[in-house]
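Input: a single structure, listed below in structure tokens.
There are 2 protein chains.
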Amino acid sequence: MENRLDLVFAALSDPTRRAILTMLLEDDMAVTDVAEPFEMSLAAISKHLTILTRAGLITQEKRGRVKWCKLDPSALREASVWMQGFGQFEPVNLDAFERFLEEELREDPN
Amino acid sequence: MENRLDLVFAALSDPTRRAILTMLLEDDMAVTDVAEPFEMSLAAISKHLTILTRAGLITQEKRGRVKWCKLDPSALREASVWMQGFGQFEPVNLDAFERFLEEELREDPN
DNA sequence: CCAATCGTCAACCAATCGGTTGAATAACGC
DNA sequence: GCGTTATTCAACCGATTGGTTGACGATTGG
């Protein structure tokens with residue numbers, strides 16, 4: 000009964016999870032390394048990662064004892080298309096995005 | 000402490016609220032008329048509308064005893080910009096959006 | 001004036017969320 | 001083999017969510 004879009008937007012509504020996605024934009028990461036900058040338990044981050052996985056925003060692959068997290072932007076497409084239909088926004092302004100990211104990274108990640 | 004983006008994405012994560020936004024895409028509506036197609040109480044819809052208002056996705060203006068709800072896509076911009084940065088998506092495909100909307104409208108609104 | 005309409009408020013409920021801790025499982029390196 | 005590292009699981013917690021119902025305040029039309 001639950002829509003894919005429900006999962007994607009719910010996953011994006013948490014700042015910790017958005018920060019994780021931003022980190023993964025740089026590079027794939029192991030769970031422990033994802034957790035490092037946050038002031039919360041590894042278990043909590045592990046939960047966030049399964050939420051992101053269920054939403055299809057990341058994929059996780061286990062190699063040895065390390066589980067690698069990789070951004071999967073395909074799930075964002077659907078949501079992005081949905082949103083854009085409302086705004087008749089001008090073509091994507093990547094500069095604005097860069098500025099936004101900087102601002103968000105400047106904030107306390109908790 | 001709560002980010003605007005938190006509110007926007009949380010508001011969008013509920014299918015009832017997305018359906019309301021889609022309805023408002025057609026035209027401004029009174030609260031009672033918004034509630035009509037849904038199988039839930041007026042009070043519940045009223046709550047959904049305040050959540051959408053707090054997120055900045057709609058505005059509400061009271062004229063007489065009728066409160067008019069109006070789509071306000073500006074809040075979507077920020078979120079849309081955020082999302083697009085992840086995907087390097089091709090230019091907005093409005094056809095895809097139309098198809099998506101049709102599909103969503105075809106579903107049982109509850 | 002008065003009944004009906006529009007919408008919110010308040011109290012309540014079960015379910016989910018975001019976090020914790022401690023134990024468990026699995027793979028590594030020496 | 002054994003301690004160490006990587007990650008999840010399970011139980012628990014308080015707060016929030018999405019819904020209900022019933023009462024309420026405001027505005028309307030006849």
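Heads up: the sequence lines are chains A and B, in that order. No gaps in the numbering here: position 28 of the first sequence is 27 in numbering that gives the first Met the number 0, and each next residue is one more. No gaps in the numbering here: position 96 of the second sequence is 95 in numbering that gives the first Met the number 0, and each next residue is one more. Don't be surprised by glycine CBs; every beta carbon is placed ideally from N, CA and C.
Other residues of its chain near residue i: CB distance less than 6 Å, five sequence neighbours each side excluded
i	result
B:Asp27	Trp67, Lys69
A:Thr52	Gln59
B:Asp13	none
B:Leu41	Ala34
B:Gly63	none
Chain-order list of residues whose beta-carbon lies under 7 Å from that of residue i (same chain, five-residue window excluded)
i	result
B:Phe8	Ala78
A:Leu4	Glu77, Ala78, Trp81
A:Glu35	none
A:Pro90	Its pLDDT being 44, under 50, A:Pro90 is placed unreliably in this model, and the value from its coordinates should be taken loosely. Closer than 7 Å at the Cβ level, and outside the excluded window around A:Pro90, lies no residue.
Residue i beta carbon near the ligand PLP (any heavy atom closer than 7 Å)
i	result
A:Arg64	The model on display carries no ligand, and the ligand PLP is accordingly not part of it.
Option in the options with minimal Cα separation from residue i
i	options	result
B:Leu24	B:Gln83, B:Leu4, B:Asp71	B:Asp71
B:Ala10	B:Ala42, B:Leu56, B:Lys61	B:Leu56
B:Ser73	A:Gly63, A:Arg76, A:Arg64, A:Gly84	A:Gly84
B:Asn2	A:Leu4, A:Glu1, A:Ala18	A:Ala18
Cβ separation of residue i and residue j, assumed to be a contact under 8 Å, to the nearest whole Å
i	j	result
A:Leu20	A:Ala54	Contact flag wrong, Cβ pair sits at about 10 Å.
A:Ile44	A:Val30	7 Å
A:Met82	B:Met22	Not really, about 16 Å apart at Cβ, beyond 8 Å.
A:Val65	A:Leu48	Contact flag wrong, Cβ pair sits at about 13 Å.
Residue i: contacting residues in chain B (beta-carbon distance under 7 Å)
i	result
A:Ala9	Ser12
Interface residues of chain A facing residue i [CB-CB closer than 9 Å]
i	result
B:Asp113	A query on residue 113 of chain B cannot be resolved here, the shown segment of chain B reaching from 0 to 109 and no further.
Under 8 Å by beta carbon: chain B residues contacting residue i
i	result
A:Leu20	Phe85
A:Asp5	Ser12, Asp13, Pro14
Residues near residue i by beta carbon distance below 8 Å, same chain, minus five either side
i	result
A:Phe88	In this predicted model, A:Phe88 has a pLDDT of only 47, less than 50, meaning its place in the structure is not dependable; the value taken from the coordinates is given anyway. Excluding positions up to five away in sequence, the list is empty.
B:Leu75	Val7, Leu56
A:Lys61	Trp67
What ranges does the beta strand (DSSP E) occupy inside the segment 47-76 of chain A, keeping only unbroken runs of at least 3 residues that lie completely in it? If we require 3 residues or more, the beta strand (DSSP E) runs fully inside the segment 47-76 of chain A come out as 57-62, 65-70.
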